[in-house]
Amino acid sequence: MVNLTMPTTKATAIGGVLLVHMFVVSGAKKLTVPWSCDAKMLGDLMRRDPCDPVVKALMVGAGVWQLVASAAILSALFLGTRGGAAGSWALAAFTALVTLLFKVRPLRPLALMSNVSVLGGLVLLADALAA
1020 MVNLTMPTTK ATAIGGVLLV HMFVVSGAKK LTVPWSCDAK MLGDLMRRDP CDPVVKALMV
1080 GAGVWQLVAS AAILSALFLG TRGGAAGSWA LAAFTALVTL LFKVRPLRPL ALMSNVSVLG
1140 GLVLLADALA A
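Numbering (this note's numbering), first residue to last: 1020 to 1150.
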């Protein structure tokens, strides 16, 4: 019989840090380099210049979203504060939206599978932090 108990606190912390690391780096990049490749992709989607103020504002908003949600998760993992599950769900929603906007059309199968895997990890982390 398979044991389906939740992972240990150390395993949850290690997995959480590994998952959140990507969002911290990405969020910080969006705040420090708002004209990055991400801005070009968003500009192309919106049919606007990547340096357009609307594109820049959306990039900054996305960066803040990623950093705040990541901080909530890390705070829950290491300080025992509440809000870690909400942070994980926030990053899951962000990942789902980005996946639908940028990985489906045109289809980018490897990037799509990568984002779906991250989405699965975020859902598991949300469940672990809600317990």
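Positions of the beta carbon are idealized from the N, C-alpha and C atoms, including for glycine.
Computed from a predicted model, the values in this text were never measured in an experiment.
Can you give the beta carbon distance from residue i to residue j, rounded, assuming they're within the 8 Å contact cut?
{"i": "Leu-1148", "j": "Ala-1111", "result": "The Cβ separation is near 12 Å, so there is no contact."}
{"i": "Lys-1041", "j": "Phe-1121", "result": "At residue 1041 the sequence reads Met, which differs from the Lys that was named. Going by Cβ atoms, the distance from Met-1041 to Phe-1121 rounds to 15 Å, so no, they are not a contact pair."}
{"i": "Gly-1140", "j": "Gly-1034", "result": "7 Å"}
Just reading off the alpha helix (DSSP H) that residue i is part of, what are its end residues?
{"i": "Cys-1056", "result": "1056 to 1065"}
{"i": "Leu-1129", "result": "1128 to 1149"}
{"i": "Pro-1069", "result": "Note, Pro-1069: premise wrong, no alpha helix (DSSP H); not H, not E."}
{"i": "Thr-1100", "result": "No alpha helix (DSSP H) contains Thr-1100, which DSSP labels as neither H nor E."}
{"i": "Lys-1122", "result": "Looking at the DSSP string, Lys-1122 is not in any alpha helix (DSSP H), and its letter there is neither H nor E."}
To the nearest angstrom, how far is the alpha carbon of residue i from that of residue j?
{"i": "Val-1052", "j": "Ala-1150", "result": "37 Å"}
{"i": "Leu-1138", "j": "Asp-1146", "result": "12 Å"}
{"i": "Cys-1070", "j": "Gly-1062", "result": "8 Å"}
{"i": "Ala-1032", "j": "Met-1078", "result": "28 Å"}
{"i": "Leu-1096", "j": "Asp-1068", "result": "39 Å"}
{"i": "Arg-1066", "j": "Val-1074", "result": "10 Å"}
{"i": "Ser-1136", "j": "Pro-1072", "result": "33 Å"}
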